[in-house]
Each structure stands twice: as structure tokens, then as C-alpha cells.
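Report on the structure given below.
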Amino acid sequence: AQKVTQTQTSISVMEKTTVTMDCVYETQDSSYFLFWYKQTASGEIVFLIRQDSYKKENATVGHYSLNFQKPKSSIGLIITATQIEDSAVYFCAMRESNSAGNKLTFGIGTRVLVRP
Amino acid sequence: EAAVTQSPRNKVTVTGGNVTLSCRQTNSHNYMYWYRQDTGHGLRLIHYSYGAGNLQIGDVPDGYKATRTTQEDFFLLLELASPSQTSLYFCASSDVSAEQFFGPGTRLTVL
């Protein structure tokens, strides 16, 4: 069965610095998809970035990038030049390629606080 | 304009009460999902659907029914609400092989 683990409960960083958060996953499937979502203080859940397992190049979108280490079953999220509005809870999620219904398995989230 | 909407945004009911949560998406997606979010558990899938008339069981289905009446509309039904169902409920939609897009959430309190 697939499993997604985020061990960092919370991280605090100064504004304009870089924050990195970890996520490890378990799957028996050779092909899978990894996602990061952001949940703001208002509760809104927003898709940020994805990594397809067959792609070797790390995905990058704006000031979000991924550190995909397939042999370690790890997909870290890196946020550079952090802003106050990056304060949120970040969820890692995985979908196996043979997953019926495009089902996602989520980690429990990492809370990030960006301090001025 | 929001592509996934939920109603109501907040709901309070009593134990044994009957509750229906509504979700509508205008993304033209085939897949729709209902999740609950609780502290320490993250997002857990209750039910999902491939399309109108289709219903699939998720990971935590006990005490919940769901119905997909059209491609746009997906409903979650709690026929005998219990305090353990107090939670934040999210609806989402997606296309095949793509990321899911979430609604704003419904906070349900069962007294």
C-alpha cells in the first residue's frame, strides 16, 4: 500500500531566506506522480507543483522547486526567497499510475512560518 | 470565478441529524472527490466518482453516502450524524492523470 510521510511538524524561517521540507513515500509501483499542495490560513488548498517519477529533471515553478531523489523515495519542496504569505501548511501527496480514480495519498503536512 | 464551490461553508447539527454537503465544479472534470481533514491525519478520502451516476468507496467511507447526479455535482450525505464526523470537509475535482483542484471546504460540527 502506498504511504506518504512528512516528519517535520513545523518550520520557522526568516523572510527572504530558503526553506526546505521533506517528504518520503512508499510505493510498489514503478510509475507514480508526486504533488505538493499549500493550505493557507483561510483553509484554501492550492496545487503548487508536481513531479512525474519517470522525469529525471527536478520540477520548478516560480520560487518553488523540488528535490527528487528516486533511490531514496524522497521528494523535498524548496521555497526560495520566502515571503510572509508563504506561511502555510504544505502537503505532499502521491498517486500511483495504476491508481483507480486518480486517487491521492497525502502526508499530514508541514507548517511553515515565515517571520519578518 | 471559483471552479470548485461547496455549500454550506459551515454547518452545525445534532447527533442523529441528517446532513447533505454539496459540491459543484465547472472544470469539466470527470473525477470528483470528498475528503475529510482532521488534525494529525491530513486529508483522508471518503468517496469519489468517475462521472455522473458512478460512486467509488474511499479510505474512510463508514457513516457516509455520496451521490454524483451530474458531471458538475457531487453530494456527501450523513444520514445519522455522529460527533466523530465533526471535521473539515473538502471536495475536489480532477482530470485523468492530473492534479486535483479543491473547493473552499465545509466545516461541520456535530453536537
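Same order as they appear, the protein sequences are chains C and L. Numbering-wise (my numbering), the first sequence opens with residue 1158 and increments by one. Numbering-wise (my numbering), the second sequence opens with residue 2 and increments by one. Here a beta-carbon is modelled for each residue, glycine too, at the ideal position from N, C-alpha and C.
Report the rounded CA-to-CA distance for residue i versus residue j, giving the unit in angstroms.
| i | j | result |
| --- | --- | --- |
| SER29(L) | THR21(L) | 23 Å |
| LYS1217(C) | THR16(L) | Just to set this straight, residue 1217(C) is Thr in the shown sequence, not Lys. Answer to the nearest angstrom: the Cα atoms are 47 Å apart. |
| LYS1227(C) | ALA1238(C) | 26 Å |
| SER1169(C) | THR1162(C) | 20 Å |
| TYR36(L) | SER1188(C) | 24 Å |
| THR87(L) | LEU109(L) | 5 Å |
| SER23(L) | ARG10(L) | 10 Å |
| TYR1182(C) | GLY106(L) | 26 Å |
| TYR1211(C) | LEU112(L) | 48 Å |
| GLY43(L) | THR1166(C) | 12 Å |
| TYR51(L) | TYR34(L) | 9 Å |
| GLN38(L) | SER1256(C) | 21 Å |
| ARG69(L) | GLY41(L) | 29 Å |
| THR1285(C) | VAL13(L) | In the structure as shown, chain C begins at 1158 and stops at 1273. Residue 1285(C) is therefore absent and cannot be evaluated. |
| SER83(L) | SER1244(C) | 33 Å |
| GLY1219(C) | ILE1206(C) | 10 Å |
| GLY54(L) | ARG1252(C) | 24 Å |
| GLY104(L) | GLU1214(C) | 31 Å |
When we look at the beta-carbon of residue i and count the other beta-carbons within 10 Å, is it buried (16 or more) or exposed?
| i | result |
| --- | --- |
| ASN1259(C) | buried |
| HIS1(L) | Given a span of 2 to 112 for chain L in the structure shown, any question on residue 1(L) remains unanswerable. |
| LYS1160(C) | exposed |
| THR1175(C) | exposed |
| GLY1264(C) | buried |
| MET1171(C) | exposed |
| ARG1272(C) | exposed |
| LEU81(L) | exposed |
| LEU1191(C) | buried |
| VAL1203(C) | exposed |
| LEU1270(C) | exposed |
Starting from the beta carbon of residue i, find every residue of chain C whose beta carbon is closer than 8 Å, and list them in chain order.
| i | result |
| --- | --- |
| PHE51(L) | It is worth fixing the name first, because residue 51(L) is Tyr in this sequence and not Phe. Residues of chain C passing the Cβ test: GLY1258. |
| GLN86(L) | Within 8 Å Cβ-Cβ: nothing; GLN86(L) doesn't reach chain C, min ~18 Å. |
| GLN57(L) | ALA1257 and GLY1258 |
Quick one: which chain L residues come within Cβ less than 8 Å of residue i?
| i | result |
| --- | --- |
| ILE1265(C) | GLY41, HIS42 and GLY43 |
| ARG1207(C) | GLU100 |
In the DSSP assignment, find the beta strand (DSSP E) that holds residue i and state where it starts and stops.
| i | result |
| --- | --- |
| ILE1236(C) | 1231 to 1236 |
| ASP39(L) | 32 to 39 |
| ILE1168(C) | 1167 to 1171 |
| VAL1176(C) | 1176 to 1178 |
| LEU109(L) | 107 to 111 |
Can you pull the chain C neighbours of residue i, defined as C-beta to C-beta under 7 Å?
| i | result |
| --- | --- |
| GLY106(L) | GLY1200 |
| TYR32(L) | GLY1258 and ASN1259 |
| VAL97(L) | ASN1259 |
List the residues of chain L that residue i touches, going by C-beta distances under 7 Å, in chain order.
| i | result |
| --- | --- |
| LEU1261(C) | GLN101 |
| PHE1192(C) | GLU100 |
Please compile the residues from chain L whose C-beta is within a distance smaller than 9 Å of the C-beta of residue i.
| i | result |
| --- | --- |
| PHE1204(C) | GLU100, GLN101, PHE102 and PHE103 |
| PHE1248(C) | GLY43 and LEU44 |
What in chain C is Cβ-close to residue i, meaning under 9 Å?
| i | result |
| --- | --- |
| PHE91(L) | GLY1200 and ILE1202 |
Is it true that the segment 1243 to 1253 of chain C meets the segment 1190 to 1200 of chain C, where meeting means three or more beta-carbon pairs spaced less than 8 Å apart? yes
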